[in-house]
Amino acid sequence: MEKQINKIAKFTAMKDGSVEDYHIIRKNDEATARELPDRLIDHLKEMAKDDGAYKINRLEHVLQCATRAARDGAGDDWVVAALLHDIGDVLAPYTHGQVAAEILRPFLSEEVIWVVRYHGTFQMFYNKSLNSELRNNRDRFKDHPYYHSAVDFCEKWDQCSFDPDYEWEELDFFIPVLRRVFSREPFQNY
Ligand SMILES: [Fe+2]
Ligand SMILES: [Fe+2]
0 MEKQINKIAK FTAMKDGSVE DYHIIRKNDE ATARELPDRL IDHLKEMAKD DGAYKINRLE
60 HVLQCATRAA RDGAGDDWVV AALLHDIGDV LAPYTHGQVA AEILRPFLSE EVIWVVRYHG
120 TFQMFYNKSL NSELRNNRDR FKDHPYYHSA VDFCEKWDQC SFDPDYEWEE LDFFIPVLRR
180 VFSREPFQNY
C-alpha cells in the first residue's frame, strides 16, 4: 500500500506532542483513511468464514443482497449499502446496523445511512419466533420520511437474500463501485 511512514512522533504522552508530531500523526491518519476500501474488502472476505446458521455464509448474503440492488437499477449508494449493511455483524451482534451506518456515514446519503442504521429493526418483521410487539417494532418509524425505503430495502433485497440457488455476482464485481463511493470527499452531505 501507499502508506509511507518514515517519521514517528516523538511524544509518549499527547500533552507533550509538538506541532510537528501532530503533522506526522495527521499524515499517517490520512493514509489510513485512504486504505479504508481495502480494509472493508478484507473484512467482507472474513465474513465468508461464518454462516450464522443460514444456508449461505455472511459474505454470500451481502453479495446476493447487493446483486439484487444492482439488478434493480439502484444507484451506487444503495448498492454499497447492500454490500456493507451487515459489516458489523460479528463485531457488534447487538448493534450491527449502527456500526455499518457509522462506517458509511461520511460517504453516503442521509437516507441510505438511516436505512442501514435501522435495517435490523425492519428485518425483525420477518422473524416469526418474535412476539408481535417486536415484529412490529418498525411501526415506531411509520411517520419517518425514510420508513418506506427501509421497508423496501428489507423486502426486496435483505430478507430474501439467503438463497443458495440465486446467482449472485462475486466480490470483484462490486469493488469498482466500492472504491468509487469511498473516494468521495467525506462529510459532503450526499
Ligand atoms: Fe443485518
Ligand atoms: Fe442482511
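Just so we're aligned: 167 in numbering that gives the first Met the number 0 is position 168 of the sequence shown, and the numbers increase by one with no gaps anywhere. For every residue, glycine included, the Cβ atom is placed at its ideal position computed from N, Cα and C.
In this structure, DSSP gives L107 a state outside helix and strand, which the three-state scheme calls coil.
Only residues of its own chain outside the window of five on either side were considered, and among them Q97 and V98 have a CB closer than 8 angstroms to the CB of A91, listed in chain order. By the CB criterion at 9 angstroms, D157 and H84 fall inside the cutoff. For T66, the number of other beta carbons within 10 angstroms of its own is at least 16, and it is reported as buried. Remark: the shortest separation between the CB of Q122 and any heavy atom of ligand 2 falls under 8 angstroms. Here F186 carries a coil assignment [DSSP, helix/strand/coil].
If you check the C-beta of H147 against ligand 1, you find no heavy atom less than 8 angstroms away. With respect to the 9 angstroms criterion, S148 and V176 are not classified as neighbours on the basis of their beta carbons. A distance criterion of 8 angstroms places the beta-carbon of V61 in contact range of ligand 2, judged by its closest non-hydrogen atom.
In chain order, A8 place their CB closer than 8 angstroms to the CB of Y21, counting only its own chain and leaving out the 5 sequence neighbours on each side. Contact annotation, F124 with R134: C-beta distance approximately 5 angstroms; criterion of less than 8 angstroms satisfied. DSSP, reduced to helix, strand and coil, places G119 within a helical segment of the structure shown.
By the Cβ criterion, the segment 173-188 is in contact with the segment 98-110, since at least three pairs of Cβ atoms, one from each stretch, lie closer than 8 angstroms. At a cut-off of 8 angstroms, the beta-carbon of H22 does not count as near ligand 2: no heavy atom of the ligand is closer than that. Spanning the alpha carbons of D37 and S17 requires a straight line of approximately 31 angstroms. Near ligand 2, meaning a beta-carbon closer than 5 angstroms to one of its heavy atoms, we find D85 and D157.
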